[in-house]
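See structure below.
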Amino acid sequence: MRPFDASRVHAEARRINPHLGRYRKSALDGILKLIGTHARTTLSPEMSDRLQEMIYTLPHASMVKYASALEPLKAGGFFICGRPDKPTMNFVRFDEGLYSYVGKTHDGQDKLVLLEPGSLHHVFDLKWKSSTGDMTDLADVWTREHVKFRTSQRNPPFNDVMPPDLEFRWGETRGASHGYGRDDHSIKPPQLVARYPYVEGSNVAEQWYQFSPDGQTWTNIPGAAYLIHKEIRRSKGTWVFRFRKTNWAPHNTLGYEFAAEYPMGPPLAYQPKPGQQWMRTNGTEKQIPDYGRLISRK
């Protein structure tokens, strides 16, 4: 952060409110105490983070009232806005997609195969409030997701049709005042991405939803942490694929679980040719019971 004039912050705040600090507490008290009164103030990274969080959580009315007093902080590199707060997860719908791929025939020839369903899509909304109490303070705030896999997606029980990524950041969007972000968890048909003969096992990903006041500096939204489980297992004597999304304690202590499972069925008649790019060509909203069963949604 750049140096800023803390004395000007104090002077302007007292011009706006001559009784500041005399009779009753102000929402600005913590900020004024932290920055001190020097004309050229530089804070440590830790103190800068504390100050920025104090600004994020200023009530909207105080942010408007003391706007001119906060200008020196803005000049020092701090952001005068809110951040997403109190996140909650909500399952929205289930979709299926159509995919085509090039498969190999028994005599080694290429064959174009249309998969229907070609993908299973579990669509969620992460909903949030504003830390200031007013959603307009999120108008220029960016959001995205950050996903990190604990092991390779191609490790057993899955195969190399799964993506190679161990980590990705996705969905950078400017403007969070609408209060939600849509997230589509998709997977190609389980019998396409699973090793055969089928073996039991799972792949777990850690997911944080993040925000940024400028589209460059990203921070985890407090409490917006989830685990994504993809698993091949036997259930009542049948091979099934299970998808689960749960809260990730201790980063997120608000209990949440969504789980659904789908029968694996026989292996594909035409195994996919390596190195293909996959593209969803169409999709239809369906019900999970059309393909499997809903286990948990809470």
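All residue numbers for the sequence shown refer to this note's numbering, where the first residue is 47 and numbers rise by one.
No residue lacks a Cβ here, since even glycine has one placed at the ideal position from N, Cα and C.
Whole angstroms is fine: what's the gap from residue i's alpha carbon to residue j's?
i	j	result
Gly67	Thr265	32 Å
Gly154	Val148	12 Å
Asn205	Thr134	33 Å
Thr219	Gly143	24 Å
Met109	Ala185	15 Å
Glu277	Gln256	26 Å
Tyr308	Leu89	54 Å
Val239	Val207	5 Å
Gly122	Arg48	5 Å
Leu161	Ile77	59 Å
Pro259	Gln237	42 Å
Asp95	Leu80	11 Å
Cys127	Tyr226	17 Å
Asn136	Asn298	15 Å
Pro235	Arg343	22 Å
Lys111	Ile62	8 Å
His275	Leu212	14 Å
Ala73	Met100	9 Å
His65	Lys71	10 Å
Lys282	Gln333	22 Å
His152	Ile267	51 Å
Phe125	Ser232	35 Å
Tyr242	Asn249	17 Å
Ala115	Leu97	14 Å
Ala271	Lys194	12 Å
Pro91	Pro210	36 Å
Ala222	Thr292	23 Å
Ala59	Phe214	43 Å
Val37	Pro335	Not covered by the structure: residue 37. The range shown for the chain is 47 to 344.
Taking only three categories from DSSP, how would you classify residue i?
i	result
Thr151	coil
Leu97	helix
Thr182	helix
Ala121	helix
Ala305	strand
Pro91	helix
Ser72	coil
Ile126	coil
Ser244	Reading off the sequence, residue 244 comes out as Tyr, not Ser. Correct three-state label for Tyr244: coil.
Pro202	coil
Tyr145	strand
Pro335	helix
What are the boundary residues of the beta strand (DSSP E) that residue i is part of?
i	result
His56	Not the beta strand (DSSP E): His56 falls in the alpha helix (DSSP H), residues 52-62.
Pro30	Here the chain covers residues 47 to 344 and nothing more, so residue 30 does not appear.
Val286	284-293
Arg190	188-195
Ile278	265-281
His231	226-233
Ile341	339-343
Phe214	213-220
Ala251	247-258
Looking at residue i: is its Cβ nearer than 8 Å to the Cβ of residue j?
i	j	result
Arg290	Phe304	yes
Trp285	Tyr244	yes
Ala306	Leu273	no
Glu246	Pro203	yes
Lys157	Tyr316	yes
Arg200	Glu252	no
Asp131	Ser176	yes
His192	Trp294	no
Lys319	Lys150	yes
Trp174	Gly261	no
Val345	Arg139	Within the shown structure, residues of the chain are numbered from 47 to 344, placing residue 345 beyond reach of any answer.
Glu331	Asp75	no
Leu300	Gly269	yes
Which residue comes first and which comes last in the alpha helix (DSSP H) that contains residue i?
i	result
His106	106-111
Asp171	It is not in any alpha helix (DSSP H) - Asp171 instead sits in the beta strand (DSSP E) that spans 156-176.
Lys79	75-81
Are any of the Cβ atoms in chain B nearer than 8 Å to that of residue i?
i	result
Arg220	Absence of chain B from the displayed structure is noted, only one protein chain being present.
**Report entry** Cβ pair count under 8 Å reaching 3, the segment 179-195 against the segment 103-114
**Finding:** yes
Query raised in the report: Should the segment 164-171 be called in touch with the segment 85-104, which here means at least 3 C-beta pairs below 8 Å?
Result: no
Query raised in the report: Between the segment 49-60 and the segment 77-87, are three or more C-beta pairs nearer than 8 Å?
Result: yes
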